[in-house]
Amino acid sequence: MEDLYRDNLLDHYENPRHHGGLENATISHEESNPLCGDRIRVDIKLSSDGTQIEDVSFSGDGCIISQASASMLMEEVAGKPITDIQKLERQDVLDMVGVQLTAARVKCAMLGLKVLKTGLYQYMVDHHHS
Amino acid sequence: MEDLYRDNLLDHYENPRHHGGLENATISHEESNPLCGDRIRVDIKLSSDGTQIEDVSFSGDGCIISQASASMLMEEVAGKPITDIQKLERQDVLDMVGVQLTAARVKCAMLGLKVLKTGLYQYMVDHHHS
Amino acid sequence: MSSLDVARIRKDFPILNERVNGRPLVFLDSAASSQKPVQVLAAMEHIYRATYANVHRGVYWNSEQSTELYDDARCKIAQFIGAPSPENVIFVRNATEGLNLVAYSYGRHFLKAGDEVLLTEFEHHANFVPWHVLAKERGVKLKFIPMTQQGTLDLSKLDELLTPQVKLVTFAQVSNVLGTITDPRSIIDRAHAIGAKVIVDGCQSTPHMPINVQAMDCDFYAFSGHKMLGPTGIGILYGKRELLEAMPPFMTGGDMIGSVSFEDVTWADVPVKFEAGTPAFVEAIGLGAAVDYLSAIGMEAVRTHEKETVAYAIERMSEVPGATIIGPTDPEIRGGALTFTIKDIHPHDLGTLLDREGVAIRAGHHCAQPLHIRLGLKATARASFYIYTEQREIDALIEAIYKAKHTLRK
Amino acid sequence: MSSLDVARIRKDFPILNERVNGRPLVFLDSAASSQKPVQVLAAMEHIYRATYANVHRGVYWNSEQSTELYDDARCKIAQFIGAPSPENVIFVRNATEGLNLVAYSYGRHFLKAGDEVLLTEFEHHANFVPWHVLAKERGVKLKFIPMTQQGTLDLSKLDELLTPQVKLVTFAQVSNVLGTITDPRSIIDRAHAIGAKVIVDGCQSTPHMPINVQAMDCDFYAFSGHKMLGPTGIGILYGKRELLEAMPPFMTGGDMIGSVSFEDVTWADVPVKFEAGTPAFVEAIGLGAAVDYLSAIGMEAVRTHEKETVAYAIERMSEVPGATIIGPTDPEIRGGALTFTIKDIHPHDLGTLLDREGVAIRAGHHCAQPLHIRLGLKATARASFYIYTEQREIDALIEAIYKAKHTLRK
Ligand SMILES: Cc1ncc(COP(=O)(O)O)c(C=O)c1O
Ligand SMILES: Cc1ncc(COP(=O)(O)O)c(C=O)c1O
Chain V
1 MEDLYRDNLL DHYENPRHHG GLENATISHE ESNPLCGDRI RVDIKLSSDG TQIEDVSFSG
61 DGCIISQASA SMLMEEVAGK PITDIQKLER QDVLDMVGVQ LTAARVKCAM LGLKVLKTGL
121 YQYMVDHHHS
Chain B
1 MEDLYRDNLL DHYENPRHHG GLENATISHE ESNPLCGDRI RVDIKLSSDG TQIEDVSFSG
61 DGCIISQASA SMLMEEVAGK PITDIQKLER QDVLDMVGVQ LTAARVKCAM LGLKVLKTGL
121 YQYMVDHHHS
Chain G
1 MSSLDVARIR KDFPILNERV NGRPLVFLDS AASSQKPVQV LAAMEHIYRA TYANVHRGVY
61 WNSEQSTELY DDARCKIAQF IGAPSPENVI FVRNATEGLN LVAYSYGRHF LKAGDEVLLT
121 EFEHHANFVP WHVLAKERGV KLKFIPMTQQ GTLDLSKLDE LLTPQVKLVT FAQVSNVLGT
181 ITDPRSIIDR AHAIGAKVIV DGCQSTPHMP INVQAMDCDF YAFSGHKMLG PTGIGILYGK
241 RELLEAMPPF MTGGDMIGSV SFEDVTWADV PVKFEAGTPA FVEAIGLGAA VDYLSAIGME
301 AVRTHEKETV AYAIERMSEV PGATIIGPTD PEIRGGALTF TIKDIHPHDL GTLLDREGVA
361 IRAGHHCAQP LHIRLGLKAT ARASFYIYTE QREIDALIEA IYKAKHTLRK
Chain X
1 MSSLDVARIR KDFPILNERV NGRPLVFLDS AASSQKPVQV LAAMEHIYRA TYANVHRGVY
61 WNSEQSTELY DDARCKIAQF IGAPSPENVI FVRNATEGLN LVAYSYGRHF LKAGDEVLLT
121 EFEHHANFVP WHVLAKERGV KLKFIPMTQQ GTLDLSKLDE LLTPQVKLVT FAQVSNVLGT
181 ITDPRSIIDR AHAIGAKVIV DGCQSTPHMP INVQAMDCDF YAFSGHKMLG PTGIGILYGK
241 RELLEAMPPF MTGGDMIGSV SFEDVTWADV PVKFEAGTPA FVEAIGLGAA VDYLSAIGME
301 AVRTHEKETV AYAIERMSEV PGATIIGPTD PEIRGGALTF TIKDIHPHDL GTLLDREGVA
361 IRAGHHCAQP LHIRLGLKAT ARASFYIYTE QREIDALIEA IYKAKHTLRK
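Protein chains in written order, with this note's numbering: chain V, 1 to 130; chain B, 1 to 130; chain G, 1 to 410; chain X, 1 to 410.
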C-alpha cells in the first residue's frame, strides 16, 4: 500500500504535468475506457518537419492511475522524435509508474499510451494518404 | 436380477395374451415412446351398449417390460366395464408387473396403459360430441 | 443483535477464514457473486466422486441417480420460489441466459414492429441489452419508467406509459446499484390490465428475501444461482405454463426433442423443450443444496439480517465526510447493497486501496451504464452483504475508507 | 499391454472404486459423459474454498485471481486444440450451445432462402436439429452426405453435392454411434474450394485424439467439457477470427458490451462478445485442469489406448452369438465406442440386465434418431471407453451379455 499510491504518483495526479490541452495542436485524440469511464485526450504539436513532438498536453478524468500515468508519459515524450514514441511499450509505462499494479489496474495505466499512439498512428495514416 | 426378468414376465413376453389385433374393433389406438421406439397398438371391442370391454388385443414391439406389461394389462381389462379401466392407475400396472422397476423402465411399463386409456378417452370424447 | 446466527453460518464458509494481502478477507461483494457453503460443495463433490453419469435415458443406476437428483433439484427450486410445479422451472446458465431466452423465444415470436417494451432506467445490462437488440432488429420501441430523486420508481405516470402498444414490461425487483426494492404487484397488476406480459429480474431479490412467483403473478422470473450460494454455471427462468407451451424452443439439440426424423422434429414437453444438450446438472443439484441451506435458515430471517446490516452500513457511511449514498436510505426499501461515492476519490482507486486492507468491494458501473449516465456518474463503489456479513466487517469497511482518504490526502 | 498406465490413472478416479448393485462399477458410458479425476475436482474446490469471487471488473484480489485463472484456462484450451490464439475460444455450456450459437449468429445472418447446408446422416441431434430449424425458418435446404455399407462417409459424390448453393458443411469428426472417424481435411478442402464454411462437431474426437484446428482448417469447432474429464456446464466453440468478428453477438447482457447508453450499445471484442453474463468460470477452470491432465498423458497415447481397447472389444464381441457390431470394425477408423445389438434382446432390456451386474452401458438411439431410421433400428446398445478402461472391463461386459442371454433364454 505504502508503495502503490506513493508520493510521486499522487504528486503527478494532483499536479499533472503537460496538462490542460494545447492551442494549435497538430493532432488531438481522445478515448475512454468504456468499462470504467476513464477518459483521456492528448494534444500533440509536431515539429514543422513532422518528425518530432514539439509539445504535448493531456486532459481528462478518471482514477489516479490513469491520470498520473498519463502525466508521467507526457513528461517522457515531450520533445522526443516520433520514432521513439513508436517504440514505447506497455512495460515502459509500467516502469514510469514504478509500482506494482494488478491486472485490472494495468488497463488504467495504459490508457494514456493508447491514446497517444492511436492519435499519432491515425495522423500518419491520414498524412500518408494525402 | 433373479426378480426382474422372472418367469412370469418372460412368459408374458414370449407368449403374449390377447395379442395380434382384433377384427371389427370399436376402437384402435397406437402410440410409441419416441425416446426408445417402443410401440403398442390396442384394439378394443366394446359391448353393444358401449359400457363394457368385450374383447381387447394388443400388438407392437419393444422391450420385454413394455410388451409383457401390455400383455398383463390386456388380461386384466378383458371383459371389464369401462368405468373400471378409468380407475386404473400407474400403481396398478406396477403391481401387475410385480417387480421393482427403476424410473427409466417405469415409462416402458406404462406405455400399454397410456395407449389403452388414450384410445378409450378419445372414443368417448368423439362419441359425446356426435 | 442479528436475526441470524452469523457466527455459526460463517463456519460453513471456509473462504471467510482466508487472508488477502496479509489481512483477513472482508468480503463485501456478494451482489456480484456470493460465497458457497461446504454443504453445496459437498453435494457436488459427492456426485463426481461416487455416483456420476450423464442424466436422461440411461438405464443404469448411476444415470438414473443423476436424473433423480436433477429432478429433485428442480422440485426444490420450484418450491423455493413458489412455482406451481417443477415444470415451470427451466435451468439456464444464469439470469442473462434466462432473459435472452425470453427475448429470443417470446420476444421474436410475439412482438412485432410498433410494439413497445417498458423497462426502467436502472436495469442491469442483462435486462437492457437484449431488449435494445430486439428493438433495433424488429422496430420495437423501448420506454422507461422514470425514477424519483430518491432512486425509487415513479409510478405516478405508469398508467400513461402503459399504452396498448406495450406488450412486455420488465424490471429488476431489486436494483443492483440503487438497492431499491420495488413491490412487483404495484406494476404487474396494472400491466396485466392492459394485457402486457411481465418479466421480473429476480437476480438481487431471490437470494435475499422470500419470493413467491405465484403471489407476484409475474409471467417470467429470472435469477442466477451463483448469487445465492450456488455454483457458477446455473440459473433459473421461471415461466407461466401456457406461455412456455406457446413459445418455440430457444436452443435445440439432444434431450429437448420428442422425436426426430429427416423430415420432421417434434419437441419435448416443458421445461425440457428449453434445455438442449447435456445440462449443467451437477450445478443444478448444487443450487438445490443452496436452496436447502437458505430454506433451513429461513428467507424471512435472511431479509431481516440484511435490513439490519444495511441500516447499520447506512448509519456508519453517513458519518464519513465526503461520502454520498446512492439510492434509498430507508432500509425498508433497500436490499443488502450499499452504493456510494467518496468525494474526490475515484471508485477504482478506492477499490484498490480497500483491497490492500483485505476489504473487497466492487467499483465501476456495475453493468448499469444507462443508470450511471442518468445519475451523472462515471462509476460508483458498492459494498454488498449476505447471510455471513458481520457488523465488524462494516466497521472494517469504514475504517479502510478513512485510511484511503488519509493516504490520498482527501 | 496398454500404452497408458491405466492402473495408475484409475487411482485418480475415486468413482471407479464404487460398487453398483453389489458389483464393482464397470463404467462403459464415457461417450455420454466421462468420469472426473481428483485433479479437476481439486482445482474447482480450491477456488470455492479459498479464492472465489466473480470474474471481470473487480479491482480486488479475489476477483483478479478468478479473472486470471479464467484467462489461463482459455489459453490452455486454445493450445490443446491448436487454436492460433485464446481469442478464438468461446466458452459455452456444451457443444449443443456452441452449435446453436453458430446457427443463430452465423446461420441467421449469413444464410438466406435457397442456400444449402450439407451434413451427414449420422449427426447427433445437436448438429441436426439446429439446422433443421434454420431450414424451416429461412427456406434453407438440408442435404446429406451418404454413407457406405460399412458406416463411413461415401465421399465419391461429394463434389456433386458441393453445389454453389452450399454455404455451410457440418459433420461429426467421430460419430457417437458408428464410431466412424472421418478425416476432416477430406471434406474441408473441397468445401472451401466452393467457398462454403465448415463446422466440425468435435464432441467425440477432442477427448480421444490429438486435435489441431489450424491444421484441420475448419471454420468452427465445437465440443463439450464433460466428455473429456471436465465438469458439466462448460463447452467450447472455436471459430476463425474473421468470422467471429463479422458475426453479431448471440446472447447479450453484462460483460460482453463495449459501452451501453440509452440509445446505443457497442460490443466487446471477441471472444468476450459471445459470453454474456457471469460465465461458468469455475467450470472453465475445471476444464483447464482436465486439459492439463490429458496433456500430461499425451493425446497420442490416449488414442493408442482406445484403439487397442476398441480392437479388443470388437474381437470379443465378434465371438458372441447373435451380436452385430454397428459401424466400422477396423480400429484404425473407429473411435473408442462400440455400438451393437444382440439378436432378440431389446437394448433396454440388455441395459437393465447389465446394470444388475454393475456394467453401465447406454441403450437407445443415442440422440441420433435419423441414423437409426437409416439403419432400420429402433435402438442399439453402446459400450464406450476412455483412458481408465481396462480389458477386464470388456471381459465383464461380454460375460454380462452371456448371462443376460441366459436369463432371457436367447
Ligand atoms: C457427436 C456429438 N455431438 C454433440 C453432442 C452433444 O453434446 P452436449 O450434450 O454435451 O451438448 C454429443 C454428446 O452426446 C455427441 O456425441
Ligand atoms: C439485477 C441483475 N440482473 C441481472 C444480472 C446478471 O446476472 P448474471 O451475470 O448471473 O447473468 C445481475 C448480476 O450481476 C443483476 O444484479
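Heads up, the beta-carbon is just placed ideally off N, CA and C, and yes, glycines get one too. Quick caveat: nothing in here was measured; it's all calculated off a predicted structure.
Quick check on Asn54 (chain X): buried or exposed, where buried means 16 or more other Cβ atoms within 10 Å of its Cβ?
With 16 or more other Cβ atoms within 10 Å, it is buried.
For Ser130 (chain V), the three-state DSSP class (helix, strand or coil)
Note that Ser130 (chain V) has pLDDT 48, beneath the 50 cutoff, so the model's placement of it is unreliable and the number below is only indicative. Coil.
Does Arg57 (chain X) get closer than 9 Å to chain V when you measure Cβ to Cβ?
Closer than 9 Å to some Cβ of chain V, the Cβ of Arg57 (chain X) qualifies, so yes.
Are there 16 or more other CB atoms within 10 angstroms of the CB of Gly335 (chain X), so buried, or fewer, so exposed?
Buried, since its Cβ has 16 or more Cβ neighbours within 10 Å.
Check the DSSP bridge columns for Glu31 (chain B) and list the partner residues they point to.
The partner list for Glu31 (chain B) (beta bridge, DSSP) reads B:Ile40.
Does the separation of the CB atoms of Gly277 (chain X) and Asn94 (chain G) fall below 9 Å?
Taking C-beta atoms as the reference points, Gly277 (chain X) and Asn94 (chain G) count as a pair closer than 9 Å.
Which residues in the same chain have their Cβ closer than 7 Å to the Cβ of Val265 (chain X), if we skip the five residues on either side of it in sequence?
Ile257.
Taking Arg105 (chain V) as the query, report the chain G residues whose CB atoms sit under 8 Å from its CB, ordered along the chain.
Chain G residues near Arg105 (chain V): His348 and Thr352.
Verify the CB distance criterion: does Arg19 (chain X) have a CB-CB separation below 9 Å to chain V?
Closer than 9 Å: no.
With three or more C-beta pairs closer than 8 Å as the rule, is the stretch 38-47 of chain V touching the stretch 58-71 of chain V?
Counting Cβ pairs under 8 Å, three or more are found: they touch.
Please list, in chain order, all residues of the same chain as Lys378 (chain G) whose beta carbon is under 7 Å from its beta carbon, the five residues on each side excluded.
If we look at Lys378 (chain G) and ignore the five residues flanking it on each side, its Cβ neighbours are His372.
Contact belief for Ile342 (chain G) with Leu350 (chain G) at Cβ below 8 Å, rounded distance in angstroms:
The beta-carbon distance between Ile342 (chain G) and Leu350 (chain G), rounded to whole angstroms, is 6 Å. This is short enough to meet the 8 Å contact definition.
Counting contacts by CB-CB distance shorter than 9 Å, is Lys343 (chain X) in contact with chain B?
Contact of Lys343 (chain X) with chain B is not assigned, every C-beta pair being separated by 9 Å or more.
Taking the CB atoms as reference points, tell me whether His18 (chain V) and Ser71 (chain V) lie closer together than 9 Å.
Their beta carbons are under 9 Å apart, which means His18 (chain V) touches Ser71 (chain V) by this criterion.
Can you find a heavy atom of ligand 2 that lies under 8 Å from the Cβ of His372 (chain G)?
The beta carbon of His372 (chain G) sits no closer than 8 Å to any heavy atom of ligand 2.
Which chain X residues sit within Cβ distance under 9 Å of Leu10 (chain B)?
Within chain X, the residues near Leu10 (chain B) are Thr407, Leu408 and Arg409.
Measuring only between beta-carbons, confirm whether Asp84 (chain V) sits less than 9 Å from chain G.
The Cβ of Asp84 (chain V) sits no closer than 9 Å to any Cβ of chain G.
Below 8 Å, is the gap between the Cβ of His208 (chain G) and the nearest heavy atom of ligand 4?
As presented, the structure is devoid of ligand 4, carrying ligand 1 and ligand 2 as its sole ligands.
Who are Glu76 (chain B)'s beta bridge partners in DSSP?
The partner list for Glu76 (chain B) (beta bridge, DSSP) is empty, contrary to what the question assumes.
How many angstroms separate the CA atom of Tyr13 (chain V) from the CA atom of Ile361 (chain G)?
Cα-Cα distance, rounded: 23 Å.
Whose CA, out of B:Leu120, B:Gly119 and B:Thr102, lies closest to the CA of His56 (chain G)?
Checked all of B:Leu120, B:Gly119 and B:Thr102; the closest Cα to His56 (chain G) is B:Thr102.
Less than 8 Å between the CB of Gly79 (chain B) and some heavy atom of ligand 1, yes or no?
Incorrect: Gly79 (chain B) has no Cβ contact closer than 8 Å to ligand 1.
Whole angstroms is fine: what's the gap from Gly254 (chain X)'s alpha carbon to Ile314 (chain X)'s?
Between Gly254 (chain X) and Ile314 (chain X), the C-alpha separation is close to 50 Å.
Answer yes or no: does any C-beta atom of chain V fall closer than 9 Å to that of Asp355 (chain G)?
Against chain V, the CB of Asp355 (chain G) has a partner CB under 9 Å away; the residue lies at that interface.
Could you check whether the Cβ of Ala290 (chain X) sits closer than 9 Å to any Cβ belonging to chain G?
Cβ-Cβ to chain G under 9 Å: no for Ala290 (chain X).
Residues within the stretch 235-267 of chain X neighbouring chain V, beta-carbon criterion of under 9 Å:
Result list: Ile257, Gly258, Ser259, Val260 and Thr266.
Using alpha carbons as the reference points, say which of V:His29, V:Phe58, V:Asn15 and V:Ile82 lies closest to Leu46 (chain V).
When each option's Cα is compared against that of Leu46 (chain V), the closest is V:Ile82.
9 Å Cβ cutoff met for Leu178 (chain X) and Gly230 (chain X)
Between Leu178 (chain X) and Gly230 (chain X), the gap from beta carbon to beta carbon reaches 9 Å or more.
Taking the straight line between their C-alpha atoms, what separation do you get for Met44 (chain X) and Phe262 (chain X)?
One C-alpha to the other measures close to 38 Å.
Please tell me whether Cys285 (chain G) and Asp72 (chain G) are closer than 9 Å, where the distance is taken between their beta carbons.
According to the sequence provided, residue 285 (chain G) is Ile. The question's Cys does not apply to it. Contact: yes.
If contacts are defined as beta-carbon pairs under 8 Å, then Ile387 (chain G) and Leu111 (chain G) qualify, I think. What distance do you get, rounded to the angstrom?
39 Å between Cβ atoms; not a contact.
N-terminal and C-terminal residue of the alpha helix (DSSP H) that Ala381 (chain X) is part of
Where Ala381 (chain X) is concerned, there is no enclosing alpha helix (DSSP H), although the beta strand (DSSP E) it sits in stretches over Thr380 to Ser384.
Any chance the CB of Thr96 (chain G) is under 8 Å from a heavy atom of ligand 2?
Thr96 (chain G): yes, Cβ under 8 Å from ligand 2.
Chain-ordered neighbours of Met45 (chain X) on chain G, where CB pairs are closer than 8 Å
The question names Met, but residue 45 (chain X) in the sequence shown is Glu. Listed along chain G are Leu41 and Glu45, each with a C-beta nearer than 8 Å to that of Glu45 (chain X).
Across which residues does DSSP place Thr96 (chain X) in a beta bridge pair?
None, per the DSSP bridge assignment.
Just checking: is the beta-carbon of Gly62 (chain B) within a distance shorter than 9 Å of some beta-carbon in chain X?
At least one C-beta of chain X is nearer than 9 Å to the C-beta of Gly62 (chain B).
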